[in-house]
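Residue numbers (our numbering): 1 to 337. Quick reminder that beta carbons are idealized off the backbone N, C-alpha and C, glycines included. Every value quoted in this text rests on a predicted model; they were computed, and no experiment measured them. Reading through the C-alpha cells given below for one structure.
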C-alpha cells in the first residue's frame with residue numbers, strides 16, 4: 001500500500017521576472033516500510049520537495065500538485081490544524097543542521113518533551129519519562145542528565161541523535177532524513193546511518209533519505225530517485241540503478257564516487273546545476289552532458305517508463321540505438337560548462 005503519493009508537484013516563488021519554479025512536475029510514491037533515496041547535487045530540489053510534502057515551504061512559495069496525499073488523505077484539502085496533526089506525528093523530518101534546528105534557548109529535554117505534549121497529550125512527568133527512554137534508544141549515555149543540556153553543550157553527533165529522538169517520538173509512519181550526516185565525521189556518519197536503519201526496521205517505518213552521497217544510498221536505499229534542477233531525471237531500484245544507470249547524470253554521479261578513482265583524481269561533472277532563473281532550453285542537463293545533441297538543446301525530454309524504472313533522456317544509456325540516434329541528431333562537439 002502506498003503511504004505517500006505525489007503527482008506533478010510544483011513549487012514556485014515569485015520574482016521580478018515572473019514565477020521561478022524550483023520543483024517541476026515531480027511525481028513520487030512511497031510504500032509502507034520502504035527506504036527511498038533521493039539524490040542529486042545541491043540545488044536539485046530534493047529538500048524543497050519534502051518541505052512541500054510537510055507543508056513547510058516558506059512564504060511566499062506556492063505549492064501545487066495534481067495529487068499530494070498521505071495514507072489516502074489529500075494533504076492539499078486539509079486545514080492548517082489538521083495538517084499540523086500529521087506533520088511531526090505521522091510524517092516526521094530530520095533537518096540538515098541540528099545546531100540550527102534545535103532552539104539554543106531551551107534544553108534538549110524541554111524541546112523533546114514539548115513534541116510529546118503537543119502531539120501525544122502527555123503530562124509533564126509522563127513526557128519526561130518518555131523523553132528519557134527516547135534519548136537512551138538513540139544511544140546517548142546518561143540520558144536523564146543530557147535532557148538538562150542545551151544544544152551548544154552537546155556535540156554535533158549528539159544533537160543529531162536528539163533530532164532523531166524528536167522525530168521518532170510519536171512513532172511516525174514516514175521518517176524523512178534530510179542530509180542527516182552533514183558536517184559529521186566519518187565514524188559518526190556511519191553510526192547515525194546505522195541508527196536510522198535499525199529504527200526503521202524495528203518500527204516498520206518508511207524512510208526517505210535525502211543525500212548527495214551515492215555511497216550512502218548504496219548502503220541503505222531500496223529504490224532511488226535522482227533529481228536535477230528541480231525535476232526527476234531517473235528513478236529505479238537501487239540494485240538496477242547502481243548496476244546500470246540509464247541517465248548520463250546518474251552515471252556521472254556514480255563515476256564521481258571516491259572508490260571509482262582507483263587512486264587517481266576524482267571524476268567531476270563540468271559546470272553547475274542551473275538556477276531556476278537561468279534554466280537552459282531543452283534538456284536541463286544538456287549544457288553539462290557529454291552526449292548532448294542539437295535536439296537536446298532544443299527539446300526537453302519527458303520522464304518516461306524505461307527498463308523497469310523511469311528516465312528523462314532522449315538517449316538512455318541502455319538503448320541499443322542511442323549511438324546511431326545521437327549521430328543522426330548532430331552531437332554537440334563539446335559540452336559547455
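Here residue 179 is near residue 211, since their CB atoms are less than 9 Å apart. The residues 32, 33, in chain order, have a CB closer than 8 Å to that of residue 204 in the same chain once the five nearest residues on each side in sequence are set aside. It is roughly 26 Å from the alpha-carbon of residue 145 to the alpha-carbon of residue 172. Annotation for residue 228: the continuous beta strand (DSSP E) segment containing it runs 223 to 228. When DSSP states are grouped into helix, strand and coil, residue 14 belongs to the coil group.
Annotation: the continuous beta strand (DSSP E) that includes residue 211 extends over 206 to 211. For residue 164, the enclosing alpha helix (DSSP H) starts and ends at 156 to 168. If you draw a straight line from the Cα of residue 317 to the Cα of residue 245, it is about 7 Å long.
The beta carbon of residue 47 is closer than 7 Å to those of 178, 210 in its chain, skipping five residues each way along the sequence. Between the C-alpha atoms of residue 188 and residue 96 there is a straight-line separation of about 15 Å. Selection 149, 28, 65 evaluated against residue 21 yields 65 as nearest (Cα-Cα). By the criterion of at least three beta-carbon pairs nearer than 8 Å, the region 255 to 263 is not in contact with the region 279 to 296. Taking the Cβ atoms as the reference, residue 11 lies roughly 4 Å from residue 23, within the contact range of under 8 Å. The beta carbon of residue 4 is closer than 6 Å to those of 30, 70 in its chain, skipping five residues each way along the sequence. Assigned with DSSP and collapsed to three states, residue 145 falls in helix. Between the alpha carbons of residue 148 and residue 195 lies a gap of roughly 23 Å. Boundaries of the alpha helix (DSSP H) harbouring residue 194: 186 to 203, taken from the DSSP string. Cβ-Cβ distances below 7 Å link residue 197 to 220 in the same chain, with the five nearest sequence neighbours on each side left out; the list follows chain order. Residue state for residue 151 is assigned as helix, using DSSP reduced to three classes.
C-alpha of residue 254 to C-alpha of residue 242: approximately 8 Å in a straight line. If you ignore the 5 residues before and after residue 98, its C-beta comes within less than 8 Å of the C-beta of 151, 156, 159, 160, 162, 163, all in its own chain and listed in chain order. Beta-bridge partners assigned by DSSP to residue 178: 210. Looking at the backbone, the Cα of residue 50 and that of residue 142 are separated by about 34 Å. Around residue 58, the same chain offers no residue with a beta carbon nearer than 6 Å, after the five sequence neighbours per side are excluded. Here residue 236 is near residue 307, since their CB atoms are less than 9 Å apart. In this model, residue 299 and residue 186 are separated by some 42 Å (Cα to Cα).
If only uninterrupted alpha helix (DSSP H) runs of at least 4 residues are considered, those enclosed by the region 286 to 316 are 294 to 298. Rounded to whole angstroms, the separation of the alpha carbons of residue 264 and residue 7 is 42 Å. In this structure, 2 is the residue among 110, 2, 118, 267 with its C-alpha nearest to the C-alpha of residue 72. Beta-bridge analysis with DSSP links residue 74 to 69. 230 is the residue among 230, 312, 289, 190 whose C-alpha sits nearest the C-alpha of residue 279.
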